[in-house]
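Residue numbers for the sequence shown follow our numbering, beginning at 8 and rising by one.
Cβ atoms here follow ideal geometry from the backbone N, Cα and C, with glycine treated the same way.
All of these numbers come straight from a predicted model, not from anything done at the bench.
Here the structure comes first, spelled out in C-alpha cells, and everything after it is commentary.
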Amino acid sequence: MIMDGIAMRAVLCELRDALSGGRVDRIHQPEPDLLVLHIRNGGISHRLLLSASANNCRLHLTQAEWKNPLQAPNLCMLLRKRLIGARLAGVEQDGLERIARIRFEGTDELGRPVSHTLVTEIMGRHSNVILVGSDGRIVDSVKRVPPGMSRVRQVLPGLAYAPPPAQDKLDPLSMDARDFTLLLASRAGGALERYLSSRLTGVSRQTAADIVQPALPSPAAVTSLSSDQIRALAAALAGFFQKVRSCDFSPTLISDAGGVPAGFAPYRPAGLPDELLSPQPCMSRALELYYLGRERKARIGQKAQALVSAVNVRLERSRSRLALHEELLAQPNNGERYRRYGELLTANLHTIKKGERIARVTDYHSPEQEKVDIELDERLSPARNAQRYFRLYAKHKSALDNAIKQAAAAKDEIAYYEGLLFQIGECTETEELEEIRSELENAGVLRAPTSGKKKKAAAKSKPLRFTSSDGFEMRAGRNNAQNDELTLRWARPGDVWLHAKDIPGSHVVIRTGGLDVPESTLLEAATLAALHSAAKNAAAVPVDYTLKKYVKKPGKAAPGMVIYTHQKTFIVRPDPKALKGVTPID
8 MIMDGIAMRA
18 VLCELRDALS
28 GGRVDRIHQP
38 EPDLLVLHIR
48 NGGISHRLLL
58 SASANNCRLH
68 LTQAEWKNPL
78 QAPNLCMLLR
88 KRLIGARLAG
98 VEQDGLERIA
108 RIRFEGTDEL
118 GRPVSHTLVT
128 EIMGRHSNVI
138 LVGSDGRIVD
148 SVKRVPPGMS
158 RVRQVLPGLA
168 YAPPPAQDKL
178 DPLSMDARDF
188 TLLLASRAGG
198 ALERYLSSRL
208 TGVSRQTAAD
218 IVQPALPSPA
228 AVTSLSSDQI
238 RALAAALAGF
248 FQKVRSCDFS
258 PTLISDAGGV
268 PAGFAPYRPA
278 GLPDELLSPQ
288 PCMSRALELY
298 YLGRERKARI
308 GQKAQALVSA
318 VNVRLERSRS
328 RLALHEELLA
338 QPNNGERYRR
348 YGELLTANLH
358 TIKKGERIAR
368 VTDYHSPEQE
378 KVDIELDERL
388 SPARNAQRYF
398 RLYAKHKSAL
408 DNAIKQAAAA
418 KDEIAYYEGL
428 LFQIGECTET
438 EELEEIRSEL
448 ENAGVLRAPT
458 SGKKKKAAAK
468 SKPLRFTSSD
478 GFEMRAGRNN
488 AQNDELTLRW
498 ARPGDVWLHA
508 KDIPGSHVVI
518 RTGGLDVPES
528 TLLEAATLAA
538 LHSAAKNAAA
548 VPVDYTLKKY
558 VKKPGKAAPG
568 MVIYTHQKTF
578 IVRPDPKALK
588 GVTPID
C-alpha cells in the first residue's frame, strides 16, 4: 500500500500545525533512502521522517528511533550545513499531487537570509527527497538521476528543479457537485473505481472504492448509473473532498484478521468490519504503525530466509542419507545365508578337500536334509573357507546394523529440521529468530561469528501465556529453546504436557497446582497445541497429553526433542473460536 495524495494532505495538515515556525535541531540519515529531521517547536521536539524507499516511501511525524551510522553520509552532512538552525516556514502541496514542499528559512555563513526547500516525491521506485535552493536549483538529492537513467527528467546538483511530468487528471479540490456530475455523466464505460482513480489527482483505486461503496452499495459500471445515482455519487464526492479541503480527517489503521496492520486511510472505510478498524490520533501515527510493522515483517522475513536456507541444506542431506540407507535395508538379507554356509562347512569339514571349487554338503537345518552346493575359494582350506563365510556374515550384519542406526538417526534429523522450519515460519520477533540462530550455530548448521569481540547475549524470548476458561495457567513454547525451558525447567511433575502427535509444534503445559484439570481446559490446551503446530490448517489434529513426569529428554537429544509415555490422545479442530474463553497473559 502506498500513500496517495489524500493521505499526504492529511499528513501535511498535521505538519503545518505541529512544525510551522519550528527550528531544525538535528538531522540523521540512518539509511541511504531515509532522512529524519528533529524539529523543535514550542518547547516540543518532533521527528519528521522522509523516506524515498521504493517499497516504503512516505513522510510523516515519527516516534521511532533508528541506529545511525558512525560516519554520516555526505548528503546528511550537506543537509546539516544548510538546514540546522533554520526555521520551517511553509508546507505546500500542489492540489493532491504526491509531492510535498517543506520550506526552511535561515542564514548563511555571512548571516544573510537564505531559504531552502525539501521536496519529497512519493512515486514508488521513483520516489526521491530533493534539496532545492532559493534559486530553484537542485543542491542534492537522496537519489541522483543522470541522463543515462532518464532522458525525460534528470535530478542532479546544479540543475533547475522541475516536478515530475503532470498527469492528465482533474484536481478534485477545485471541483463541486456539479463538476462531479459532469465527470460521471461524460464517461462512456469502465468500472467506477478505475474511472475515478484515472481521472482525479491523488485518488487511489482503494480510496475511490471507499467513496463509491456507501453512496452506491451495489457495484455498477458507470454506464449503468441512473441520473439519481449520479447525483448521489456526485454529492458524496463533493462532501468527501470538502472534508479533505478543510483538513477534516479521521485517520484509521486497518488490520487483518490476525490483528496485524494491513493498511491505513485518512478516513474511516465504510466497507470493513469495525473490529478491523482502529482510529488513530493522527495520520502520522497510522502511517507509522503500518510502515514500521511492514518494515519489521520484512526484516524478520530476511533473517528468517537465511535460516531457512541453511536448514533446508541440512534437511536435504538427511533425506538423501535416509533414502540411501533405506535402499540398503530393502535389499535381500544375505547375512543369514553366509552364516548358515559357515556353519554347514564347519559341520562337514571331514568331507571337503582343499582345492575343491564346490562343496556339496548336507543341510542339517533342513527337515529334508537336502544337499546344498557352497562355492569355495580353492586357494583356502575348508576351515578357512568356513571362516571366510563367517566374516562375510559379520560384515553384512555390521553394515545392516549401521544402516538401521543411520536410518533412525536420519529420521530424527529430518524431524528436527522440519520442526525448525515450522518454528522459523512462526517467528514474529527478532529475539525468537536469534535464539534459533544460536541453536543452529551450536549445532554446527551455521558458522558462529569469528570476530574477536564477544557476542552480546540476545534477550530471551518468552513462551506464550494464557489463562484457561477454568482459571488454569497454560504456556506454549514457540521454539526449541522455549520448549526445553518450558518442559524441562518450568513444568512440575504433576503438570499436564501436550503436543501435536508426530507433528512439529509447540510444547504446551498446563500448571495444575495439584488440582484435577477439567476436560474443558484440556481441550483448550489441546487446541492451542494444534494451532501452534505444522497441522494448524488441517481439519482435525491428534494431540497427545500426559503428565510431565512421563516426559523425558534422552541423552544427546536435539533441542526440543523429548520422549513420553502414558499418553492419551485428543482429536481436535484447530479453530481459534474454541479459545473464546481463553485469556492471553501479556
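- Under the three-state reduction of DSSP output, Gly102 falls in the coil class, being neither helix nor strand.
- For the stretch 194-241, the full-length alpha helix (DSSP H) segments reaching 4 residues or more read 199-206, 212-222 along the chain.
- For Phe256, there is no enclosing beta strand (DSSP E), as DSSP marks it with neither H nor E.
- In terms of Cβ geometry, Ser475 and Ser513 do not form a close pair [threshold 8 angstroms].
- With fewer than 16 neighbouring CB atoms inside 10 Å of its own CB, Gly118 falls in the exposed class.
- A residue is called buried once 16 or more other Cβ atoms fall within 10 Å of its Cβ, and Leu240 is buried on that count.
- Only residues of its own chain outside the window of five on either side were considered, and among them Val43, Arg54, Leu55, Leu56, Ser291, Glu295 have a CB closer than 8 angstroms to the CB of Thr69, listed in chain order.
- In the DSSP assignment, Thr353 falls within the unbroken alpha helix (DSSP H) covering 342-354.
- Taking C-alpha positions only, Leu180 is separated from Asp101 by approximately 10 angstroms.
- Each residue's CA atom was taken as its position, placing Ala565 and Ala269 some 37 angstroms apart.
- Leu26 places its beta carbon less than 8 angstroms from that of Ile46.
- As for any alpha helix (DSSP H) of minimum length 4 sitting wholly inside the stretch 21-97, the runs are 81-90, ordered along the chain.
- The shortest C-alpha to C-alpha distance from Lys587 to any of Thr528, Ile578, Ile381, Tyr274 is the one to Thr528.
- Taking C-beta separations shorter than 6 angstroms and ignoring five residues to either side along the sequence, the partners of Leu163 in its chain run Arg151, following chain order.
- Around the beta carbon of Met10, 16 or more other beta carbons lie within 10 angstroms, which makes this residue buried.
- Beta bridge pairing from DSSP links Phe271 with Leu260.
- Bridge pairing for Phe111: Leu95, His123 [DSSP].
- The alpha-carbon of Ala167 is positioned some 26 angstroms away from that of Leu177.
- An exposed status is given to Ala173, since fewer than 16 other beta-carbon atoms sit within 10 Å of its beta-carbon.
- Asp183: not part of any beta strand (DSSP E); DSSP gives it neither H nor E.
- The continuous alpha helix (DSSP H) containing Tyr396 extends over residues 389-433.
- Within 10 angstroms of the beta-carbon of Ala533 lie 16 or more other beta-carbons, which makes it buried.
- Per DSSP, reduced to three states, the secondary structure at Pro286 is strand.
- By the CB criterion at 8 angstroms, Ser148 and Val121 fall outside the cutoff.
- For Pro500 and Ser405, the gap between their C-alpha atoms comes out near 41 angstroms.
- Secondary structure at Pro583: helix, using DSSP grouped into helix, strand and coil.
- Exclusion of the five residues before and after Leu383 leaves Glu363, Arg364, Ile365, Ala366, Asn392 as the residues of its chain whose Cβ lies within less than 7 angstroms of its Cβ.
- In chain order, Ser540, Ala541, Ala542 place their CB closer than 6 angstroms to the CB of Ile510, counting only its own chain and leaving out the 5 sequence neighbours on each side.
- Counting along the chain, no alpha helix (DSSP H) covers Ser148; the unbroken beta strand (DSSP E) around it starts and ends at 145-148.
- With distances taken between CA atoms, Leu453 lies nearest to Ala317 out of Glu377, Asp40, Ala317.
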